[in-house]
Amino acid sequence: MSTPRKRSIPTGLAACLATLLATGCGGMPEQSTLPDAPPDTRAVDAVDDYHGTRVEDPFRWLEDQDSPEVLAWADRQNVYTEAHLQLADSRDAIRRRLTELWNFERYSVPERHGDVWIFSKNDGLQNQSVVYKAAAAEAEGEVLLDPNTLSEDGTVALGGVSASHDGRYLAYATSKSGSDWRDWHVLDIASGEQLEDHLVWTKFTSAAWTEDAAGFFYQRYAAPESGEVYEATNEAPQLCYHRLGTPQSEDRVVYERPDQPKWGFGASVTRDGKYAVLRISAGTDRRNRVAIIDLEDESWAVRPLLMDFDASYGFIARHGDHLLFRTDNAAANGRVIAVHPDAPDPANWIEVLPESADKLESVDLCGGLLVTRYLTEARHEMRLFQTDGKPAGAVTLPGIGSVSSVSGHPDRPRVLFGFQSFTRPTSVYSFDLGTRELTTVRSPKLGFDPDQFETRQVSFQADDGTRLMMFLVHKAGMRLDGSNPTYLYGYGGFNISLRPRFSVPNLVWAERGGLFVQATLRGGGEFGEEWHTAGMLKNKQNVFDDFAACARYLVRNDYTAPQRLAIGGGSNGGLLVGATLNQHPELFGAAIPEVGVMDMLRYHTFTIGWAWASEYGRSDDPDMFPTLYAYSPLHNVRSDVRYPPTMVMTGDHDDRVLPGHSYKYAAALQLAQPDSAILLRVQRKAGHGAGKPVKMRIAEAADRWAFLDWALDA
60 MSTPRKRSIP
70 TGLAACLATL
80 LATGCGGMPE
90 QSTLPDAPPD
100 TRAVDAVDDY
110 HGTRVEDPFR
120 WLEDQDSPEV
130 LAWADRQNVY
140 TEAHLQLADS
150 RDAIRRRLTE
160 LWNFERYSVP
170 ERHGDVWIFS
180 KNDGLQNQSV
190 VYKAAAAEAE
200 GEVLLDPNTL
210 SEDGTVALGG
220 VSASHDGRYL
230 AYATSKSGSD
240 WRDWHVLDIA
250 SGEQLEDHLV
260 WTKFTSAAWT
270 EDAAGFFYQR
280 YAAPESGEVY
290 EATNEAPQLC
300 YHRLGTPQSE
310 DRVVYERPDQ
320 PKWGFGASVT
330 RDGKYAVLRI
340 SAGTDRRNRV
350 AIIDLEDESW
360 AVRPLLMDFD
370 ASYGFIARHG
380 DHLLFRTDNA
390 AANGRVIAVH
400 PDAPDPANWI
410 EVLPESADKL
420 ESVDLCGGLL
430 VTRYLTEARH
440 EMRLFQTDGK
450 PAGAVTLPGI
460 GSVSSVSGHP
470 DRPRVLFGFQ
480 SFTRPTSVYS
490 FDLGTRELTT
500 VRSPKLGFDP
510 DQFETRQVSF
520 QADDGTRLMM
530 FLVHKAGMRL
540 DGSNPTYLYG
550 YGGFNISLRP
560 RFSVPNLVWA
570 ERGGLFVQAT
580 LRGGGEFGEE
590 WHTAGMLKNK
600 QNVFDDFAAC
610 ARYLVRNDYT
620 APQRLAIGGG
630 SNGGLLVGAT
640 LNQHPELFGA
650 AIPEVGVMDM
660 LRYHTFTIGW
670 AWASEYGRSD
680 DPDMFPTLYA
690 YSPLHNVRSD
700 VRYPPTMVMT
710 GDHDDRVLPG
720 HSYKYAAALQ
730 LAQPDSAILL
740 RVQRKAGHGA
750 GKPVKMRIAE
760 AADRWAFLDW
770 ALDA
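Numbering-wise, the sequence shown is residues 60 to 773 according to my numbering.
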């Protein structure tokens, strides 16, 4: 890595601010000097009583993300951060290399609808990927929808697309500035004509078309109060049916439960159009309920099917007279069951595919076979089974990596899927279930040699005997002398699995001599539900202990040293970084928590935060309060320890994890340690991450690595 300028503590916040206002973000001169202290953050007298424990919250005013005072404070923080980032001589070179490597064609897996294939493509540096239609999966096709035309700066993104089964219509959702709110529109696929249909105030929903392509099911919320678009708590949604050519005000409310405002709804329609299968969830709890609607009955009455809320049930397909589900009911690693709509009692279930030693992550019915994805040691295998559960072979994958999606039809033998690894971006493959022939449909042209890099997987035991694993990615021939700058990344929550994934920023980090490490932590979904529950609620401390154990392993085995080791993660991973940094500041040379959940006592009061209570618990529960208070990043910042350089990152329009989480945590760190590099980087017109334009992602990655260049070279 290039040698950054050494840290210094000159003066001049006012001069820095004046320069930034005159030149714009990123336009500060090379010789700008560091302010001698971070921006002032006023404190307020806010105190809460939690079951007899008084907890101060002096930075509560920072929760009001749209107030002029908070916006001005965030601007001053960006000035302070920019002054530090300019100390890294490498930033421009990093940005150039990121831009070079990002500039390659990327395709999604094509999906067939009628006689039309739909896929997305990015030429390389387009801010948003473009939707194409084609007559064949291999054809280049023609542009159907270009979201880059929807805004000049690329901050209007597609939030979902759904084509009708017959290939006549495309429903697509747009979001602005990274918000979770979606507006739905409809295109005529043949002509490209935009229809008048326009649906608003939707979130966390797809569009499920009925077989006749007359309309689709979706979830909507009541319109937020004026000025509360980004603060709305998102409760009491309705599952609706929109008929093409009619205004949203006339949409049919199919299902709602005002008595259960925390419930959310989704729908799938069977291929034959017979049933709508309703998924009824409660926040992010993996357990869900299932109901069905017989679409051939004009009443569209909702019939309960699996309503015990005892496990997860993921609808696969209708097969014969039964509905197939992937479930963890009595199977922590998952199994497949067949349920008859008229006899849904568990005593009548047919076990199609029993639980195995590996996690069953997904199942698709293609060409009369069950095409499955299993997680084996945190990487994918594709196995085939007959519909009676008998093994029918496997798909030999190109290496150690992840299958990104599967596209097929119950009656056609051809299956398309995407495959990627840490060092190779997604290629699209076709597998013929009859001939068992695997062919490449599309493979990106690369601006680097993947063989110059190595990926290895190591395993070891944590202090409590738990087997932990990590993926390590680096240039071939890396020396184990304890000097490698290392970026340790983790998540550990919500049953989400971290699998091998190609990332241009991570490749640039490795190309420049860094070691990228992806940790497999309890709380994730890599090893089934038991692995998940071992890192949630009162077991959450296990996740932080696992992360610290990974750091110690890397140091103990001479991959790196504490002063050369950085940790990073986003969302729940931002919480992971904040909590681990608070507990073990001596283990690290730098930290980058991104869009993190940092206030564990009030998270459930912001936007959709209430939905995470099944994972975290709530502070108003006297049984959970001590656990949350013990690790909450905001409430465990100390002034008697030395924290390494830390850059907290967030987006000013994040309506999933309110930016106030990051604002308050950064302010607390700066108050505890005003003479250290505690930075806050606030991305304007950005949310939690989805739909972020390419140019913004490049700028963020360049700042991330430039910061670590500077921080880890001390």
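Here a beta-carbon is modelled for each residue, glycine too, at the ideal position from N, C-alpha and C.
Distance check between N554 and each of A535, Q520 and N631 places N631 closest, using alpha-carbon atoms only.
Put simply, of N186, A249 and V129 the residue whose alpha carbon is nearest the alpha carbon of D174 is A249. Counting along the chain, the unbroken beta strand (DSSP E) around P363 starts and ends at V361 to L365.
Nearest neighbour of F384 by Cα position, chosen from A397, E284 and L429, turns out to be A397. Per DSSP, the beta bridge partners of I409 are A397. DSSP places V168 in the coil class of the three-state scheme, outside both helix and strand. Ranked by Cα distance from L693, the options T639, A670 and G746 are led by T639. Taking the CA atoms as reference points, L258 sits about 6 Å from D242.
Taking a contact as a CB-CB distance under 8 Å, the pair F561 and P484 counts as one, their CB atoms being some 4 Å apart. Per the Cβ contact rule, the stretch 678-692 is in contact with the stretch 656-664 (3 or more Cβ pairs under 8 Å). The alpha carbon of E122 has as its nearest neighbour, out of T666, E315, G676 and P703, the alpha carbon of T666.
Taken through DSSP and simplified to helix, strand or coil, A608 comes out as helix. S415 and N392 do touch by the CB rule: their CB atoms are close to 6 Å apart, below 8 Å. The three-state secondary structure of A672, taken from DSSP, is helix. DSSP places L204 in the uninterrupted beta strand (DSSP E) bounded by E201 to L204. Excluding sequence positions up to five before and after L209, its CB lies within less than 7 Å of the CB of V215 and T233, all in the same chain and listed in chain order. Residue environment analysis places G746 among the buried positions, since at least 16 neighbouring C-beta atoms fall within 10 angstroms of its C-beta.
Spatial neighbours of L531 in its own chain (CB-CB distance under 6 Å, excluding positions within 5 residues in sequence) are listed in chain order as R515 and V576. Secondary structure of D540 (DSSP, three-state): coil. Ranked by Cα distance from L566, the options R346, E287, R154 and V700 are led by R154. For P718, the uninterrupted alpha helix (DSSP H) segment begins and ends at P718 to A731. Buried is the label assigned to S556, since at least 16 other Cβ atoms lie within 10 Å of its Cβ. For Q297, DSSP records a beta bridge to R279 and E315.
H301 places its beta carbon 7 Å or farther from that of G332. Just measuring C-alpha positions, the residue of D605, A521 and G551 sitting nearest L634 is G551. Comparing alpha-carbon positions, the option among V430, H172 and E653 lying closest to T709 turns out to be E653.
The C-beta distance from P469 to L424 rounds to 5 Å, short enough to meet the 8 Å contact threshold. Residue pairing by DSSP puts Q253 in a beta bridge opposite L246. When beta bridges are read from the DSSP output, V220 appears opposite Y231. 7 Å or more divides the Cβ of T494 from the Cβ of N543. Collapsing the DSSP output to three states places M755 in a helix. Of all C-beta pairs linking the stretch 157-165 to the stretch 132-149, fewer than three are shorter than 8 Å, placing the two stretches out of contact.
If you draw a 10 Å sphere on the C-beta of P363, you find fewer than 16 other C-beta atoms in it, and that means exposed. Scanning A282, L303, S126 and G582 for the CA closest to the CA of L254 turns up L303. For G458, the closest alpha carbon among the candidates T292, A736, L443 and F481 is that of F481. Taking 7 Å as the cut-off, the Cβ atoms of G226 and P752 do not count as close.
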